[in-house]
Amino acid sequence: MHNVRPCRGPGVLARLELPEFPSPRPSPAGRGSSRAQSSKPLVATVSQTIGRQSSLSLCERTGVRGTWRPRFRSAGALLSLGGSLIALLSSTYAATLPKDLPFPLVERFESFGIKDGFPTHKVHCVLPASDGKLWVGTWKGLMVREEGKFRKIGVEDGLSHQMIVCLVEDTRTGDLWIGTMRGLNRYSAGRITVFTQTSCGLPNNVIYGLEILGDTLWVATAAGLGAMDLKTGTWSIYDHNNTVMHEPWVYSVTGAKDRLFVGVWGGGILEYELSKAIFKEHRDPDRDFHFDLVPDDGPVSDVTSWVAWADGILWQGTYFGLARYDGSRWRTWQEKKSPLLSNFVNCIYARGRVAWVGTDRGLSVTDGATWVNYRSNENGEGLIEIARPGQPMETRKIKTRLPDDFVLGISVDDHEAWFATSDGLGHGFFPPSAKTVTAAAAKNSTEKDKP
Amino acid sequence: MVGFANCGRCAYVDKEDKSTNYTTEPVLTPGTPSVLQIIAGEYPYYGNAPADMLPYRNIEPYYRYWLERLPFRGPGRDYPDPTNLTSLKVGLLSPPPYGPEAKRGEMSRKGVMLAFDEVNAARPPGKLPFELIEKADSPQWGSAANIAVEFSDKDVLGFIGTIDGDATHVALRVSLKIETFMVNCSDPDPTLTETQIPWLLRIFPDNRQQGYRLASLIVKERGLKRIVVLRTNNRPGRVGARPFVDAVRRLGSPILQEINFKEGERSFDTQVAVIKQAEPQAVLFWGNPAETGSAAARLRSAGVNAAFFGFDRLVDPQFAQFAGPAAEGATATFFFDPEKKDSAWTGFRQRFQKRYGIQPDIYAGYGYDGAQLLLDAINKAGPNRYRVHDQLTSLDEYRGVTGYMRFDGRWDNIAPVVTAHCKQGRWEFDPVASRQARLSNP
Chain L
-11 MHNVRPCRGP
-1 GVLARLELPE
9 FPSPRPSPAG
19 RGSSRAQSSK
29 PLVATVSQTI
39 GRQSSLSLCE
49 RTGVRGTWRP
59 RFRSAGALLS
69 LGGSLIALLS
79 STYAATLPKD
89 LPFPLVERFE
99 SFGIKDGFPT
109 HKVHCVLPAS
119 DGKLWVGTWK
129 GLMVREEGKF
139 RKIGVEDGLS
149 HQMIVCLVED
159 TRTGDLWIGT
169 MRGLNRYSAG
179 RITVFTQTSC
189 GLPNNVIYGL
199 EILGDTLWVA
209 TAAGLGAMDL
219 KTGTWSIYDH
229 NNTVMHEPWV
239 YSVTGAKDRL
249 FVGVWGGGIL
259 EYELSKAIFK
269 EHRDPDRDFH
279 FDLVPDDGPV
289 SDVTSWVAWA
299 DGILWQGTYF
309 GLARYDGSRW
319 RTWQEKKSPL
329 LSNFVNCIYA
339 RGRVAWVGTD
349 RGLSVTDGAT
359 WVNYRSNENG
369 EGLIEIARPG
379 QPMETRKIKT
389 RLPDDFVLGI
399 SVDDHEAWFA
409 TSDGLGHGFF
419 PPSAKTVTAA
429 AAKNSTEKDK
439 P
Chain X
86 MVGFANCGRC
96 AYVDKEDKST
106 NYTTEPVLTP
116 GTPSVLQIIA
126 GEYPYYGNAP
136 ADMLPYRNIE
146 PYYRYWLERL
156 PFRGPGRDYP
166 DPTNLTSLKV
176 GLLSPPPYGP
186 EAKRGEMSRK
196 GVMLAFDEVN
206 AARPPGKLPF
216 ELIEKADSPQ
226 WGSAANIAVE
236 FSDKDVLGFI
246 GTIDGDATHV
256 ALRVSLKIET
266 FMVNCSDPDP
276 TLTETQIPWL
286 LRIFPDNRQQ
296 GYRLASLIVK
306 ERGLKRIVVL
316 RTNNRPGRVG
326 ARPFVDAVRR
336 LGSPILQEIN
346 FKEGERSFDT
356 QVAVIKQAEP
366 QAVLFWGNPA
376 ETGSAAARLR
386 SAGVNAAFFG
396 FDRLVDPQFA
406 QFAGPAAEGA
416 TATFFFDPEK
426 KDSAWTGFRQ
436 RFQKRYGIQP
446 DIYAGYGYDG
456 AQLLLDAINK
466 AGPNRYRVHD
476 QLTSLDEYRG
486 VTGYMRFDGR
496 WDNIAPVVTA
506 HCKQGRWEFD
516 PVASRQARLS
526 NP
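For the record, the sequence lines run as chains L and X.
Sequential numbering of the first sequence, starting at -11, is according to the numbering used here.
Sequential numbering of the second sequence, starting at 86, is according to the numbering used here.
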C-alpha cells in the first residue's frame, strides 16, 4: 500500500492584519520575576502617550525583556497603532463599578481552600448542581458542599482515583458523572459506580472532559472519544479509525444542541453532526505551531485544550491563544495583541455570547468586543482591567481577588460565578443589579441552559 | 458492550490529510532573503532553522511563538517538603519490551540505570537515595497516559521517557495535569515540544535538525533538485519527514513525491515502480533500517541511480545488512560520531562496558545524560516538583557524555547534527567543522 501525495504549488501571500487592541501588557517571564519586574508603576509612563513609542516605553519601563516589540512595518500600521490612545487608570478600590458592560462584573470574591477542609490546594473543576449542592473536583478527591459545609468523597468511598478532572450532571436523573485520571465514576443516590477501560467501552482511563447531550454521555479521553448510551449502557468509540482525526488524543468535548464539538490535541476541532453522524474538521490553516500567519483565519492552533459552546458561538481554548467561531467566521486573540491575559488558556465557560476564559495569569471575560480581566498585581492585590472597543483600558483595584490566577475551571450563572484554581476554590459575586445592567446578555439567553 | 471501532486500535496506519482549508506556503525564489531576524535576547526561532529554510520568510507573521519561554505560573514552589520520604523517586517510561523500539529502549534504560547507580554511589551519607520506578508502555494508544498517572500515584519527582512519539505525547499531556516534569532522551518527533506544555525538556535532537541538515546537503551542497521521500506510513514517519519536505520546498526544490510504506514491508514493488518513473536525483529514507535497507536494495536493482540519503536510523547496521551493495555511498545524519574521542564519551563507554559487558549506543548515552540532568535538578531543588521544574526549565546549555547541548525557547536541544557516509559497509563521519547549522547564540 502506498500513498502518493502531490506537491503543493505556489500560493498567494497572506495579508497582514492590524491588531484590534494595540495596548500592550508586559508579559511576565515567570511568576517570581513578574512580581519583581512589575513593582514599578505602570500608570504614569503611558497615560498621555500614544502609539508605538508608548508601547515600547511601557516595555522598557517595566523592565521586561523583549516582551512587546513593533511587529508592524507599514506606515498604516503605525498610524493605526498611534491612533489608539493607551491609558491605564489606577486607583484605590473602586467604589462603583461600571454598569455599561454587556456582561456582569464580579464585584467581590471569596475563597475556599485548606482552611475549609479541602484536602489539597489544587482544584480542577466546579459544578453547581440542580439540587443546590456544589461539587468540587480536586487533586485529592471530590468535595461537596451541602448546607454551607464541605464534605470530602474520596477513593476510600469508592472513587476510582483521587484526582478529579471534570464533572457533568445529568439534570434529568440528578446523577453526577465524575471524570478522573483513572476511570469514570457515576455518583447516583449516594452510590458510586466505576467505569474503566477494562470494564466497559471507555477508550482510556484518563478522562479530560465530559458532556451529556440527549441520552448520550460523551467522554473525552487520552485515546479517543467515548459515547455511552445512558439508556442502554452501550458504548461507542470514536478515534482515528472511524473519524477524520489523525491522533485520538481528545481533550475536550462540548454539546451544541444538534451537534458536538470535540477538542483534539494536534487535530484542531472536530464537529460531529449527530443526525447525520458526520465528522467535520476545523484546522488551523497555517499548518504550523510556531506562528500565526494571519489572525481570524480559523482555529488559532491545532492543539486544542478546551472547547465551549453557547448561543451558537463556539470558543476554542489553546495554549496559543483564544478563538471564536460563529458558524461562518473565525476570530482569534493572543496576548499582547489583545486584552487576553495569556495565551495559555486552561478552560472556558460559555454563557450567552460571553466567554469566561481561565488562563494561567487570571480570568478574562469577553463577548469578543469588550474585555474584563481579573488578576492580581505584584502585591497580591486584586485588579480589574476593563477594555472597551476603541477606549483606553481601565484598571481598578478591588478588595478581594481570585484565590489564584491559575484558573482551571469555571461555572457561571445569573447571580454568581465559581472558579477552580490552583490554590483553592473562588466564589465571585455579581452586584445585585447585574441582571438589569446585562440586558444584552439576557436578551441572548443561553441556549445551553435549556437542554 | 463496545459498539464499533474497537478493532485494529493497535495497528495504527497513517492516513492522508484530506483537509483543504490550508494556507498554501509559496515556493519562493532561491535567494529570497528572510525578513525574520534573530533579536538579541530572544531564543533562536523555529528550532534554529537556517534563514533560508524559515517558513514564509519574506513576511512577518502576525504572531510568533517561542521567542521567549513559557513560564509555569502556578503555585507550588513553596509547598513544604514531605517528611516521610525514604527515597527520591523518578519514573522511567520505556517502550514495549516486545515492540520495534524494544532494543533502543533497553539501551536507553541501561544508560538511565548506570546514571542512577553512579549518582547513588556518590550520595553523601544521610542523603536520601534515588529510586527508579520503571514502567513499560504497551502498543495500545493511551497506555502511556495511564502510566504517567501511575507515576504520579507513586509520587515521583519527575520521569524519563520515551522513544515513541505517540506515547510521549499522551504522557506529556498528563504531565501538565499531574505537574510533574518529563525529560525526554529519545523521541525525535518535532511536534512533541510544539504543544506548548512547559513540563518537558528534550535532550535528543529532533528530526527538525536532521531535516535542515539533509535539505542543505542535498539541495545546496549537492545541487540535487529531483527529490523523492520514501517514509513509513505512520505518525512518526509523517511528522518526522515533514521538516525536510518543508525545508527543500523553501530552498526552491519541492519534492516530487512523498511515498509511504508499511512497517515490515519488504517487496516495495509499487513504491519502486513509482519512484523509477519519477527519475529522481535523490531519495530520502525515513524509517526503520530493515525496511529502508530493503527499499534501497530494490531501488538499485530496478535501476534507480539516485543518491540515497536518510535520517539517523540509516546508520544502524541493519540498513547496510538489508541494502547490501546499495548502501554504498548513502549519506545519513546522526547525532554525533559514536567513535569520538573526548574523555566524557570514552569514559562513559568504559563504565558502560564494565557494567553491562557491551558497548553503549547513542540511546544509552542520551538516557544517561537525561537521567543525570533530572537527578541533578532534584538534588538541587529538593523533593518539590515545582522547584525541579524551575531547575530544568532554566537550562540554556548542558554538556553531557553525548556532547554539548543548547536548549531553545521550547527546551529542545538544537545542537547541530553531523553527517556520515556509508563506505564499504562502514559509516564514516564528517569532521565536526563541516556542520552546516550554526548556533545562533552559542
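Ideal Cβ placement from N, Cα and C applies to all residues, glycine included.
Just so we're clear, the structure is a prediction, and the values are computed from it rather than from any experiment.
According to DSSP, residues forming a beta bridge with residue i
i: L/Q304; result: L/V295, L/A311
i: L/R339; result: L/V342
i: L/Y260; result: L/L248, L/F267
i: L/P287; result: L/P287 pairs with nothing; no bridge assigned.
i: X/D57; result: The requested residue 57 of chain X is not part of the displayed model; chain X covers only 86 to 527.
i: X/C507; result: X/W512
i: L/K385; result: L/L371
As assigned by DSSP and simplified to three states, the class of residue i
i: L/V109; result: The question names Val, but residue 109 of chain L is His in the sequence shown. If DSSP states are grouped into helix, strand and coil, L/H109 belongs with coil.
i: L/D444; result: Lying outside -11 to 439, the shown extent of chain L, residue 444 of chain L is not represented and no answer is given.
i: L/P377; result: coil
i: L/E199; result: strand
i: L/R317; result: coil
i: L/K137; result: strand
i: X/L121; result: coil
i: X/F437; result: helix
i: L/K128; result: coil
i: L/D217; result: strand
i: L/K324; result: coil
i: L/D104; result: helix
i: L/E144; result: helix
i: X/N133; result: helix
i: X/I443; result: coil
Residue i versus the options, residue with shortest Cα-Cα distance
i: X/P365; options: X/Q342, X/E376, X/F353, X/R383; result: X/Q342
i: X/P135; options: X/V120, X/G196, X/V368; result: X/V120
i: L/L205; options: L/K268, L/P92, L/I301, L/G243; result: L/G243
i: X/I344; options: X/P328, X/V333, X/W371; result: X/W371
i: X/P275; options: X/H254, X/K262, X/P182; result: X/H254
i: L/I166; options: L/G136, L/S148, L/R160, L/R271; result: L/S148
i: L/R179; options: L/G189, L/I195, L/D145; result: L/D145
i: X/P118; options: X/G485, X/S379, X/S386, X/R335; result: X/R335
i: X/S386; options: X/F394, X/K174, X/I360, X/P468; result: X/I360
i: L/T358; options: L/N229, L/H109, L/L371, L/P380; result: L/P380
i: L/L93; options: L/A408, L/K245, L/L371; result: L/L371
i: X/Y183; options: X/K212, X/F157, X/P224, X/G161; result: X/P224
i: X/A415; options: X/D427, X/A391, X/F421, X/D422; result: X/A391
i: L/R160; options: L/M151, L/A117, L/F407, L/A265; result: L/A117
i: L/E199; options: L/H415, L/K268, L/E157, L/T186; result: L/E157
i: X/S301; options: X/P111, X/P328, X/M198; result: X/P328
i: X/T504; options: X/P140, X/L286, X/L299; result: X/L299
Counted within 10 angstroms of its Cβ, other Cβ atoms place residue i as buried (16 or more) or exposed
i: X/Y164; result: exposed
i: L/K87; result: exposed
i: L/T168; result: buried
i: X/Q457; result: buried
i: L/H501; result: In the structure as shown, chain L starts at -11 and stops at 439, and residue 501 of chain L therefore has no counterpart that could be examined.
i: X/Q444; result: exposed
i: X/P210; result: exposed
i: L/L310; result: buried
i: X/N231; result: buried
i: X/P374; result: buried
i: X/I124; result: exposed
i: X/Q509; result: exposed
i: X/G488; result: buried
Any non-hydrogen atom of the ligand GDP closer than 7 Å to residue i Cβ
i: L/I257; result: Because no ligand of any kind appears in the structure shown, any question about the ligand GDP cannot be addressed here.
Below-8 Å beta-carbon distance, residue i vs any chain C residue
i: L/A210; result: Here chain C cannot be found, since the structure's protein chains are L and X.
query: Could you give the uninterrupted runs of the alpha helix (DSSP H) lying entirely in the stretch 137 to 215 of chain X, keeping only those of 4 residues or more?
result: 187 to 206
Ranges of the beta strand (DSSP E) found wholly within the stretch 304 to 369 of chain X, counting only runs of at least 3: 312 to 317, 342 to 346
task: Please list the segments of the alpha helix (DSSP H) lying wholly inside the stretch 385 to 432 of chain X, counting only runs of 4 or more residues, in order along the chain.
output: Counting only runs of 4 or more, we get 402 to 408.
- prompt: Where in the stretch 228 to 293 of chain X do unbroken runs of the beta strand (DSSP E), each at least 3 residues long, occur, reported from the N-terminal end onward?
  reply: 244 to 246, 267 to 269, 285 to 287
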